[in-house]
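To start, the structure under review is shown below, and the notes come after it.
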Ligand code: SF4
Ligand code: SF4
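Residue numbers (my numbering), protein chains in the order written: chain A, 31 to 396; chain B, 301 to 372.
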């Protein structure tokens, strides 16, 4: 698509950047992005380094891998040892450790657990069909972007009568997490770069609560460098003018009301449940679980899944990073004990975790 | 896994489709796209097309950005 390239190499990029740098702001500004793909795109574009002094860009709870707590990973690791069970997962989860350093799905697989990497929940469903004598569990992490496809896999399992398929539903919702973050006494973010692909499903309107209830500027943004520059400019202009509102920079994908077919499917299969986040703790209604009619496909019921209560004791600061309190470079393990080849925490594992992005594109500041 | 990228629909068979980006082809589902057509660009994520890319909106958006930038 021609226009996609135009956003990547926006001819107006330089002007926007100058506008950003010369903007007269009422004081220091901290913007937050809440999407792993934004984290990565920002790091790749080197945007943080281009911003003027007094304008900071932090990563929030935007990566579903990073926000999954260690105790849940402990439960997942234990589940993987169930005889006759194939655990299927997105690649990102393979190396997320539980509360014991170095204990991850990759290691469990090396010692005999049947753990397989899939690209889509539909792959897991097909595997279940091909291996009727095994139990196939899909680890369903993700936000609203991922939830409709996950829901569809369950619906298809029901339609096709694939009884050996089940879902460990670890899906999360964006809005309750943002509200929990804003409610923290140490919250000091002045505006949100809203996640374009979450908004593709939920609609841009799902972020209207930010300006209307909290007086916080909110701009839904795409993922090309031009998108990011336009969105950061728009956020700063709102802050300069003291006029917080909702703007949609990513209109080529995001409509005000979202994707009705995807939303209807989520509604049919899933319902809000309380959920625990790394760094943020338990937040009411911040997760998605299977509705009663689909409980037969709930791996948590089928295998009496119980997340452990233990927290990581590794010195990893991912929790604080997810909440925007710290930057990756503030972690004493960053780049030393913790590197992509031997990650200590999830933010270094997942390709778009804040630490991995910072490591890959900025190197280590010594 | 959250990575979502623009892909072009090359073949469609009911809710199954083949999409392409940079010469790489993948099977994706198009259940969430209203009346998908070969040649459409979609945002693909974890095996599903989550939305269609609207060329006209893209052009309008570029125009809007241009206006902002030109006023600087
Ligand atoms: S690292 Fe993986 S799970 Fe986390 S935001 Fe990126 S793609 Fe999503
Ligand atoms: S650098 Fe490693 S240990 Fe430190 S917060 Fe990031 S992932 Fe955790």
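The C-beta atom is built at its ideal place from N, Cα and C for all residues, glycine as well.
Quiz item: Along the chain, which unbroken stretches of the beta strand (DSSP E) at least 3 residues long are found entirely within the region 250–305 of chain A?
Solution: 276–278
Quiz item: So is residue 284 (chain A) buried or exposed if we call it buried at 16+ other beta carbons inside 10 Å?
Solution: By the Cβ neighbour-count rule, residue 284 (chain A) is buried, with 16 or more other Cβ atoms within 10 Å of its own.
Quiz item: How is residue 53 (chain A) classed by DSSP in three states: helix, strand or coil?
Solution: coil
Quiz prompt | the region 339–358 of chain B: positions lying closer than 7 Å to chain A by Cβ | solution = 341, 343, 345, 346, 347, 348, 350, 351, 353, 354, 355, 357, 358
Self-check item: Pairwise C-alpha distance: residue 349 (chain B) and residue 337 (chain B)
Solution: 12 Å
Quiz prompt | Cross-strand partners of residue 62 (chain A) (DSSP beta bridge) | solution = A:88, A:222
Quiz item: Count the other CB atoms within 10 Å of the CB of residue 214 (chain A); is the residue buried (16 or more) or exposed (fewer)?
Solution: exposed
Practice problem: Give me whichever residues DSSP pairs with residue 196 (chain A) in a beta bridge. | Solution: A:167
Quiz item: Between which two residues does the beta strand (DSSP E) containing residue 318 (chain A) stretch?
Solution: 311–320
Quiz item: Do you know whose CA, among A:227, A:333, A:254, lies nearest residue 197 (chain A)'s CA?
Solution: A:333
Quiz item: Quick one: what does DSSP say residue 348 (chain A) is sitting in, helix, strand or coil?
Solution: Note: residue 348 (chain A) maps to helix in three-state DSSP.
Exercise. Give the residues of chain B in contact with residue 286 (chain A), contact being defined as C-beta atoms less than 8 Å apart.
Key: Those do not exist, as residue 286 (chain A) stays about 12 Å from chain B at its closest Cβ, beyond 8 Å.
Quiz item: Can you tell me whether residue 56 (chain A) is buried or exposed, with buried defined as 16 or more other CB within 10 angstroms of its CB?
Solution: exposed
Exercise. Please confirm if residue 265 (chain A) has its CB atom under 8 Å from at least one CB of chain B.
Key: no
Quiz item: Is residue 247 (chain A) near ligand 3, judged by its Cβ being under 7 Å from some heavy atom?
Solution: With respect to small molecules bound, the structure shown includes ligand 1 and ligand 2 and not ligand 3.
Quiz item: Comparing the CB of residue 72 (chain A) with every heavy atom of ligand 2, is any distance shorter than 7 Å?
Solution: no
Quiz prompt | Sequence-distant residues of its chain with Cβ nearer than 7 Å to residue 353 (chain B) (five each side left out) | solution = Apart from the 5 residues on each side of it in sequence, residue 353 (chain B) sits with its Cβ closer than 7 Å to the Cβ of 306, 341, 342, 343 in its chain, given in chain order.
Self-check item: As assigned by DSSP and simplified to three states, the class of residue 244 (chain A)
Solution: helix
Exercise. Alpha carbon to alpha carbon, how far is residue 318 (chain B) from residue 362 (chain B)? Give it in angstroms, no decimals.
Key: 29 Å
Quiz prompt | Unbroken alpha helix (DSSP H) run spanning residue 346 (chain B), endpoints | solution = Residue 346 (chain B) -> no alpha helix (DSSP H), and no H or E assigned at all.
Exercise. May I have all residues whose beta carbon comes closer than 5 Å to any heavy atom of ligand 2, sorted in chain order?
Key: Residues with their Cβ less than 5 Å from any non-hydrogen atom of ligand 2, running along the chain, are A:346, A:347, A:348, A:361, A:363, A:364, A:368, A:374, A:375, A:377, A:378, A:385.
Quiz item: Name the chain B residues whose beta carbon is nearer than 7 Å to that of residue 283 (chain A)?
Solution: 343, 351, 353
Exercise. Give, in chain order, every residue of the region 39–65 of chain A whose Cβ lies closer than 9 Å to some Cβ of chain B.
Key: 40, 41, 42, 43, 44, 45, 46, 48, 49, 52, 65
Quiz item: Just how far apart, CA to CA, sit residue 37 (chain A) and residue 227 (chain A)?
Solution: Taking the straight line joining both Cα atoms gives about 16 Å.
Quiz prompt | Sequence-distant residues of the same chain with beta carbon closer than 8 Å to residue 88 (chain A), five excluded per side | solution = 60, 61, 62, 63, 219, 354, 357
Self-check item: Start-end ranges of the alpha helix (DSSP H) lying completely within the region 92–142 of chain A, minimum 4 residues
Solution: 94–97, 100–109, 135–140
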